[in-house]
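From first to last, the protein sequence lines stand for chains F and G. For the numbering used here, add 1335 to where a residue sits in the first sequence, where the first one is 1. Note that the numbering used here gives residue 491 to position 493 of the second sequence, counting from 1, and the numbers run on in steps of one.
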Amino acid sequence: MQQRRPILVVEDDPVDREMIGLAFERAKVENPVVTVSDGQEALDYLNAEGRFSDRPALDVPAVIILDLNMPLMGGHEFLSLVKAKPDNALVPIVVLTTSQFDQDLIQSYGLGANSCITKPGDFEQLVEIARAIGSYWCRINRVPERI
Amino acid sequence: MRPILNFGGLSVRHKVALILAVTMLPVVGLMVLYLTTIRQLLVVEDEVVRLFAMQMQTQTIEALVVDMQDGFRGFVLARNEKFLDPFYASEEGFDPAIHRLKDAISEDKNQLRLVTEIEKNVRSLMQRKKWLIDAVRLGQLQPVRTHIESGEGQSALDRIRADLKTLEDVQRAILHDQQARSNRLASFTRYGLGVVVVGILALWWLGSRMLTRTITGPLAALTAAAQEFDSGRPCTPIPIVSTDELGRLARTMEEMEERIARHISQMEAFHAIGKDVITIGPDGLEGVLKRIADRAGGVLNVDLCLVLLWNETIGCWKVGAASGPWHELLRQSVLIREETPFAFQALTTGAPQVVEDLTARPESVLQVRDRLGGKSLLAVPLRGQGEAFGILAFVHTRATRAFTEWEVRLAQQFADQAAIAITNVRLYEASQQRGAGLQSRLQQLERYAADMAHDLKGPARRMAELASLLQMDYKGRWDERADRYLAWLKENGQQLMARIEEVLRLARIGTIREAVEPVAPAEVIREVLKGCEGQVQRLGARVRVAERFPRLACNRVHLSQVMDNLVRNAVKYSSRERRLELEVGIAGTASEPVLFVRDNGVGIAPSDRERIFDPFERLGRDEVPGTGIGLAIVKKIIELYQGRVWVESEPGQGSTFFFTLPPYGELESAEVKQEMREEREA
């Protein structure tokens, strides 16, 4: 079942969005990649609201790839809102960010992030990361069926 | 101490005279009495001697009479002239004897009468006997016979004897009397001596006691009081109740002590404002002024103390502060110059102004009098940098009261100190405001730089990622030059990213308060060396680490960053000509341990030794990778702990980087040791 669930990429920068999508493609991750450009859109997707009101009920993401620095709703705010709602809280969130500071890591984990990864600055490495995410979060990791 | 005996307000001189009189006069009296007694005793003794002499003369006369009788009798019976020798001898001795007796008797009429009678009888008897002797010589025995037979001679002799006996009796009685008197006097003298000695001792004791109570005692009390005061204990009443010079001295001393104590407390309060005022609280200038008003009011014990600040622009006074509850009523209120003439006078003349009775002043409006109910006023200028900028006003509202010269002087000194304080606060506040402005602008700039750096990092990363994507997808499809440029593009993007990362790291130091903990440097060094194990092995470096390090009080990550940068630097700048020797050690003292990282690398030229701690300063050797920010990070971290970092180096020989960080636990371990020792002893 999990193979069919989408990977939700929350990223404001179009270059990054494209690269992440491409990286998943190159990594041959079968799950569809859905990209949104800020926290609010991501929430809309999770709650099937706004432009995602007609998304299939079963398309709950297998994993959310989250950037921290975004306009409108930043990564930390999104984390706190998602983890506050029991249904959404079960979706694993991988923070993918430029920041290398402990403080950001501590805050992210504190708000319920399941994993934190630094954006590498090298496409090959990005593909490696995508492959690892696809393999671990989309195949190995288990979440309850009915969310 | 007990109250001292009072002689009804006599002066000390009179008291001394009285004590001397009380002790010395009886002594003199006793001595006189005693001497008189002795003299009398001597007189009596003389009398006794005279009586003895008298008795002896009487007995002599008696013997002469007997001799005369015996001589006569012998001559009559034996008709031998030889027997008449005693007779003539006694006749011859009689006259001097009777004279001596008479001399001895001298004035006793009774005895004189007896002696005269005896003399008469003896002479008459002697005359008769001589006549009879002459008759016998002529051979006429009849008269002698008649004389003997008639018993005439015998009876005359008997009479004489009886008289002598009476005389002796009288003399014996007198002697007896005199002896008794002499004995009485002697025993009186004996006991009298004891009584005199005891009496003198008793009087001396009494005298010394009186002296103690009236003079030496109070003097001791005064001395004790002076010492007590000198030792700084609060003054207590001196236990002298007399009204003489000493009593007056005690009262004066008490007043003096009180005055001194008051002055001391005033001086203490005076100095306390210094402290009070120096501590500028969150209440700023107004708080300082308020404390000055309260303190000054307390020091001079006035009902109201005002700090008036002159506002040159509007030509009015502004109440800076007022003592006690007046403050809320008066703060920031404005007083018109014409209605506060004395304050203005103090301001312009720069000299204290005293108005003892405000109510008696002819001015129609006086703010202090009419609005505040002031009765007496003292205004002293607050002088700062040449001219007065305000005044301190001391006001009695309950009653008119004079200000003493001391109080005026004190008030002025107080004002001078307050003026300095006010000036300081004003300067401080001004500099604070300027400083705060600078600080916030600086912080803003730092934030801005950090934000910008952060914003730059994204594009740099994307550039590098895109370049690497192109490299992957299009390698070999263009020419070799395009491949090389793509590689450079990727490399430069990545360098830019790394450099920005370092800048952010440097900017981050100190913005977040990291936990300070006890850190064992040996562990940190071990981890750091493990981190660059590969490079160290590649260089075949020899690494030496000191066995023991004191624990440091810092953030573990900070020490790790410092060590990491220094060790990596040593590796980076190792000499190509020789094998790297790296030493991490400890020097300095227990209170300031100095850690060092020593290498035998390329070294640093003297001109570069300061520069290397600035960001982005890299020394030559472009092939050495790095951002040039490592030592800047080291410096910033060390300075965070008020430590020092410096380098000693010889170009071509190697460098040693030294740094200090606060030691941990010296004090604590000392305390613990002390506690343990105390426990053991307990």
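Backbone N, C-alpha and C define an ideal beta-carbon position, used for all residues, glycine too.
### Message
Restricting to Cα atoms, I'd like to know which of G:Met254, G:Val25, G:Val47, G:Gly215 is closest to Thr234 (chain G).
### Response
G:Met254
### Query
Three-state secondary structure (DSSP) at Met1336 (chain F)?
The predicted position of Met1336 (chain F) is uncertain, since its pLDDT is 47 and thus under 50; a value taken from the coordinates is nonetheless stated next. Note: Met1336 (chain F) maps to coil in three-state DSSP.
### Message
Just to confirm, is the Cβ distance from Ile389 (chain G) to Leu306 (chain G) under 9 Å?
### Response
yes
### Opposing strand residues paired with Pro661 (chain G) [DSSP bridges]
G:Leu550
### Query
By the 10 Å Cβ neighbour count, where 16 or more other Cβ atoms means buried, how is Asn1423 (chain F) classified, buried or exposed?
buried
### Query
Across which residues does DSSP place Ile158 (chain G) in a beta bridge pair?
According to DSSP, which records beta bridges pairwise, Ile158 (chain G) is partnered with nothing at all.
### Query
What residues are listed by DSSP as bridge partners for Pro379 (chain G)?
G:Ile389
### Task
Would you mind reading off the limits of the alpha helix (DSSP H) that contains Ser438 (chain G)?
403 to 472
### Task
For His556 (chain G), collect the residues of the same chain with a Cβ closer than 6 Å to its Cβ; drop the 5 residues on either side in sequence, then sort them by chain order.
Ile635
### Message
Please tell me whether Leu686 (chain G) has its Cβ less than 9 Å away from any Cβ of chain F.
### Response
Missing from the structure shown is residue 686 (chain G); chain G here goes from -1 to 680 and no further.
### Message
In whole angstroms, give me the CA-to-CA distance for Met561 (chain G) and Ser1450 (chain F).
### Response
30 Å
### Within-9 Å CB hit, Ser1372 (chain F) to chain G
no
### Message
Closer than 7 Å between beta carbons: that is the criterion. Which residues of the region 444 to 463 of chain G meet it against chain F?
### Response
Lys455, Gly456, Arg459, Arg460, Ala462, Glu463
### Query
Could you give the uninterrupted runs of the beta strand (DSSP E) lying entirely in the region 1447 to 1475 of chain F, keeping only those of 3 residues or more?
1450 to 1453
### Task
Could you tell me whether any Cβ in chain F is nearer than 9 Å to the Cβ of Met495 (chain G)?
yes
#### Entry: DSSP state of Glu337 (chain G) mapped onto helix, strand, coil
helix
### Task
Quick one: give me the first and last residue of the beta strand (DSSP E) that Gln351 (chain G) is part of.
351 to 353
### Query
Going by Cα to Cα distance, which pick from G:Gly474, G:Tyr472, G:Asn490, G:Arg445 is closest to Arg459 (chain G)?
G:Asn490
### Message
Between Pro1396 (chain F) and chain G, is the shortest Cβ-Cβ distance under 9 Å, so that the two count as touching?
### Response
no
### Task
Pick out the complete alpha helix (DSSP H) segments inside the region 182 to 263 of chain G, 4 residues or longer, and give them in chain order.
215 to 228
### Per DSSP, cross-strand counterpart(s) of Glu515 (chain G)
G:Cys552
#### Entry: Contact set for Arg0 (chain G): own chain, Cβ-Cβ below 6 Å, skip 5 residues either direction
The predicted position of Arg0 (chain G) is uncertain, since its pLDDT is 43 and thus under 50; a value taken from the coordinates is nonetheless stated next. Excluding sequence neighbours, Arg0 (chain G) sits near nothing in its chain.
### Query
Which residues in the same chain have their Cβ closer than 8 Å to the Cβ of Val1478 (chain F), if we skip the five residues on either side of it in sequence?
Gln1337, Ala1397, Leu1425, Val1426, Pro1427
### Reduced DSSP secondary structure (H/G/I, E/B, other) of Phe85 (chain G)
helix
### Query
With distances taken between CB atoms, is the gap from Glu590 (chain G) to Thr658 (chain G) smaller than 9 Å?
yes
### Task
Using a cut-off of 7 Å between C-beta atoms, extract the partners of Thr1433 (chain F) located in chain G.
Lys455, Gly456, Arg459
### Message
If you measure between the beta carbons of Leu328 (chain G) and Val423 (chain G), is that distance less than 9 Å?
### Response
no
### Query
Grouping DSSP H, G and I as helix and E and B as strand, with all else coil, what is Lys316 (chain G)?
strand
### Nearest candidate by alpha-carbon position, reference Ala603 (chain G), set G:Ile36, G:Tyr446, G:Ser653
G:Ser653
### Query
Do the CB positions of Phe594 (chain G) and Phe547 (chain G) come within less than 9 Å of each other?
no
### Query
What is the rounded straight-line gap between the Cα of His325 (chain G) and the Cα of Ala319 (chain G)?
6 Å
### Query
In three-state terms, what does DSSP make of Met(-1) (chain G)?
Annotation note: pLDDT 39 at Met(-1) (chain G) (below 50); position unreliable, coordinate value reported separately. Of the three classes helix, strand and coil, the one that applies to Met(-1) (chain G) here is coil, per DSSP.
### Message
Tell me the DSSP secondary structure of Asn1366 (chain F) in three-state form.
### Response
coil
### Message
To be precise: take each residue of the region 1446 to 1473 of chain F, compare its Cβ to all Cβ atoms of chain G, and keep it if any distance is under 9 Å. Which residues remain?
### Response
Lys1454, Pro1455, Gly1456, Asp1457, Phe1458, Glu1459, Gln1460, Leu1461, Val1462
### Query
Taking any Cβ of chain F, which residues in the region 498 to 520 of chain G have a Cβ under 9 Å from it, in chain order?
Glu499, Leu502, Arg503, Arg506, Ile510
### Task
Let me know if Trp308 (chain G) comes out buried or exposed under the rule of 16 or more other beta-carbons within 10 Å of its beta-carbon.
buried
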